[in-house]
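Numbering (the UniProt record's numbering), first residue to last: 1 to 177.
All C-beta atoms, glycine included, are put in the ideal place defined by N, C-alpha and C.
Structure record follows, encoded as structure tokens.
Here it is, written out as structure tokens:
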């Protein structure tokens with residue numbers, strides 16, 4: 001069974017019909033318009049609740065959702081702050097070289113077959129995503145998510161194969177006490 005994907009968070013509601021405004025975490029809102037079901041998680045530790053979609057449309061960088069059973073502003077307001085998930089089997093495939101960032105967290109980063117560490121976080125810098133890799137030695141490597149360095153992402157093997165420029169690993173080692 002495929003792992004669900006977090007796509008954003010409910011920012012609020014609009015109108016009198018219970019429409020939700022969802023801020024998309026990454027990518028384009030249009031990608032999610034055709035789905036017939038979303039999962040919402042309030043973060044309270046309970047299982048996410050599945051909702052059927054009555055309508056979905058992109059508006060700028062947001063997704064406007066009308067969910068079955070959410071028919072008034074009061075009900076919609078209760079969902080503010082919820083994380084919006086897509087069931088793993090409903091997640092659309094991406095073109096070659098594009099990745100769902102949430103799925104990269106926790107992957108092992110390897111160079112020439114040797115494990116360098118694990119992706120702990122992803123930052124954005126200058127329009128490029130940067131992998132924050134916690135190394136085996138306890139340090140941190142910052143690796144731009146660019147084709148010149150990231151050669152392969154194996155989702156099934158949960159690993160990222162990289163080719164680092166000379167000196168990058170040594171910079172991390174120099175920072176250790």
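Is the CB-CB distance between residue 82 and residue 3 below 8 Å?
no
Can you check whether the CB of residue 8 is closer than 8 Å to the CB of residue 84?
yes
Is it the case that the Cβ atoms of residue 74 and residue 147 are separated by a distance below 8 Å?
no
How would you call residue 19, buried or exposed, if buried means at least 16 neighbouring beta carbons within 10 angstroms?
buried
Residues that residue 144 bridges to, as DSSP identifies them
130
Close-in-space but distant-in-sequence residues of the same chain around residue 102 (CB under 7 Å, 5 per side omitted):
5 and 6
Same chain only: Cβ atoms within 8 Å of residue 124, ignoring 5 sequence neighbours per side
130
Can you list the alpha helix (DSSP H) stretches of 4 or more residues lying completely in the UniProt domain "RimM N-terminal" (7 to 87), in chain order?
Under the rule that a run must span 4 or more residues, the alpha helix (DSSP H) segments found entirely inside the UniProt domain "RimM N-terminal" (7 to 87) read 73 to 77.
Hey, would you say residue 53 sits closer than 8 Å to residue 37, going by beta carbons?
yes
Three-state secondary structure assigned by DSSP to residue 120:
In the structure shown, residue 120 sits in a strand (DSSP, three-state: E or B).
Residue 90 (DSSP reduced to helix, strand or coil):
helix
Look up residue 154 in the DSSP assignment and say whether it is helix, strand or coil.
strand
CB contact flag (residue 178, residue 134, <8 Å)
In the structure as shown, the chain begins at 1 and stops at 177. Residue 178 is therefore absent and cannot be evaluated.
Which listed residue (39, 76 and 110) has its alpha carbon closest to that of residue 14
76
Three-state secondary structure (DSSP) of residue 171:
Residue state, collapsed to three classes: helix.
How big is the Cα-Cα spacing for residue 67 and residue 99?
27 Å
Which term fits residue 46, buried or exposed, when burial requires 16 or more other beta carbons within 10 angstroms of its beta carbon?
Residue 46 should be labelled exposed.
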